[in-house]
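Residue numbers (our numbering): 87 to 190.
Ideal Cβ positions, reconstructed from N, Cα and C, are used throughout, including at glycine.
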Amino acid sequence: MSIDSRDQVLAILGSVPEGTVVSYGQVAEMAGLGRGARQVGRILKTLPEGTQIPWHRVVNASGYISVSEPGKTRQIRQLGQENIPVIGGRVDMKKYRWDPSENS
DNA sequence: TGTTTGACGCTCC
DNA sequence: AGGAGCGCCAAAC
């Protein structure tokens, strides 16, 4: 990963509205990483624990939480704080997926 | 340098 | 609707 794409990803995460989620592939696409969805996950994995960055708004394309424990529990809790229900370990993408084309 | 390993995604069935 | 199979991309061995 280049430092540039890493910053790109982090910038994008910062622009994701509260109460919405995005998929790894979506972020990769927006960051100019093409099909580098896995790379996005790798970048997030290297983030420090108490980071300010809203990494919890990122789930896989199916809406499932891709993080393994114990991070998974934290992510679900934080999503809950934003009124995003996580049922059966997954988020309803139909309702909560962020669409950049719809301005708030 | 070749193989394994994922915080992934799409297509088939 | 949900799982299996396969493609992808870097990093870690």
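Can you tell me whether DSSP reads R29 as helix, strand or coil? The structure shown does not extend to residue 29, since the chain is modelled only from 87 through 190, so no value can be given for it.
Opposite Y150 in the DSSP bridges: which residues? Y150 has R176 as its beta-bridge partners, per DSSP.
Reference Q164; option with closest CA among H142, N146 and R176: Q164 has its Cα closest to that of H142, out of H142, N146 and R176.
Would I173 be called buried (16 or more neighbouring beta carbons within 10 Å of its own) or exposed? By the Cβ neighbour-count rule, I173 is exposed, with fewer than 16 other Cβ atoms within 10 Å of its own.
6 Å CB neighbourhood of A123 in its chain, flanking five on each side removed: Closer than 6 Å at Cβ, skipping near neighbours: Y110, G111 and A114.
Could you name the residues of the same chain whose beta carbon sits closer than 8 Å to that of N169, not counting the 5 residues immediately before and after it, in chain order? Apart from sequence neighbours up to five positions away, the residues of its chain that approach N169 with a beta-carbon distance below 8 Å are G105, ordered along the chain.
If you count every other CB in all the chains shown that lies within 10 Å of the CB of G175, and 16 or more means buried, which is it? Residue environment for G175: exposed (fewer than 16 other C-beta atoms within 10 angstroms of its C-beta).
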